[in-house]
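Everything below concerns the one structure shown next.
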Amino acid sequence: MTLSNADVQDRLWKAVENEHTGMLGLTHDSHHFQPMTAFVERDSNTLWFFTRKDTDLAQQVATGAAGTDAAFIFLDRKLQACIDGRLALAHDRDRIDRYWNTHVAAWYPEGKDDPALTLLRLEVTEAAVWITEGGLLKYAFEVAKANVSNSTPDVGERRDLNFH
């Protein structure tokens with residue numbers, strides 16, 4: 070399987086759009102990454118996340134104490150990725166309206182006007198992407214074949230994407 074960088078980028082965005090959830094955190098911080106729901110804007114290579122102003126992550130981004138370099142770790146059955154970029158607070162009412170849904174509303178009982186509600190914006194700069202095809206059976210076959218033939222399994226490919 071040989072894919073162009075454009076194909077890999079398209080698969081990455083489709084996977085995040087379909088699954089939404091991954092782990093977000095600052096890369097130069099001792100705190101753990103936390104589960105977050107991402108909303109993709111392909112044209113600007115940006116991910117948006119709803120959060121509360123009083124969370125550890127939002128406060129760290131606001132003060133810049135741990136820097137703003139961040140990563141969003143994402144995986145599904147056929148794609149795994151580490152998406153890097155610059156994280157910023159952005160209270161953007163248009164995007165709140167655009168991405169608001171019943172799942173988001175469950176976390177904000179006061180609705181869109183909740184004074185603690187804000188957004189995080191991850192401006193993506195690069196991503197490491199691993200793509201696998203064929204699922205569990207192909208994986209098992211490739212591992213067995215590699216053990217018999219003293220080779221390594223062919224379970225997909227890795228690609229480094231640059232979004233500058």
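Going by the numbering used here, the residue at position 89 of the sequence shown is 158; the numbering climbs one at a time, nothing skipped. A virtual CB, placed ideally from N, CA and C, is assigned to each residue, including glycine.
{"Query": "Q78 classed as buried or exposed, judged by whether at least 16 other C-beta atoms fall within 10 angstroms", "Result": "buried"}
{"Query": "Test item: CB-CB of T106 and T90 under 8 Å", "Result": "yes"}
{"Query": "C-beta contact flag for R227 and V198 at 8 Å", "Result": "yes"}
{"Query": "Close beta carbons around E88, own chain, < 7 Å, minus the five adjacent residues each side", "Result": "D145"}
{"Query": "C-alpha distance - F118 paired with W82, whole-angstrom precision", "Result": "15 Å"}
{"Query": "Beta-carbon spacing of A140, D125 below 8 Å", "Result": "no"}
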